[in-house]
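In the working numbering, the protein residues as written are 3 to 112.
Virtual Cβ for every residue (Gly too), placed ideally from N, Cα, C.
Below is one structure, written out as structure tokens; comments come after it.
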């Protein structure tokens, strides 16, 4: 859970963490391993410059899985992209900071 959420959120939301842990534990091992294998070596950095649609990159400031530095690289490669860093959030920023996440997505969608 520490890789997905900030320590502060984990300590404040033990019931939510237990629920999320149960969901993750119910995932079939083969399915999880298949997903991990599929994305392990993905590298589309060279193709990002070809994107022409407006793109909004959202990252949690404490995300160890897709760090802010990686998001900055992605942002630098996509013309007309925007980058939002969600404070006090890790990989599942939509769970830790739902109001801000939804606001950012809503702004992009409108």
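For residue 90, name the three-state secondary structure that DSSP assigns. DSSP places residue 90 in the coil class of the three-state scheme, outside both helix and strand.
Which two residues bound the contiguous beta strand (DSSP E) that contains residue 82? In the DSSP assignment, residue 82 falls outside any beta strand (DSSP E), carrying neither H nor E.
Taking C-beta to C-beta, are residue 22 and residue 3 nearer than 9 angstroms? Against a cut-off of 9 angstroms, the Cβ pair of residue 3 and residue 22 comes out as a contact.
Can you list, in chain order, the residues of its chain whose CB lies under 8 angstroms from that of residue 47, leaving out five sequence neighbours each side? Once the five neighbours on either side are set aside, the close Cβ partners of residue 47 are 75, 76, 79.
Would you mind stating whether residue 63 and residue 7 have Cβ atoms separated by less than 9 angstroms? Going by C-beta atoms, residue 63 is not nearer than 9 angstroms to residue 7.
Cα-Cα separation, residue 41 to residue 58: A straight-line Cα-Cα distance of about 21 angstroms links residue 41 and residue 58.
Determine the direct distance from the alpha carbon of residue 100 to that of residue 87, and round the result to whole angstroms. Cα to Cα, residue 87 sits roughly 13 angstroms from residue 100.
Span separating the alpha-carbon of residue 104 from that of residue 60: Using only the alpha carbons, I get a separation of about 11 angstroms.
Can you round the beta-carbon distance between residue 28 and residue 65 to whole angstroms, since I take them to be within the 8 angstroms contact cut? Not confirmed; about 24 angstroms, so no contact.
Using CA atoms only, rank isn't needed, just tell me which of 106, 81, 31, 20 is closest to residue 51. Ranking 106, 81, 31, 20 by Cα distance to residue 51 puts 81 first.
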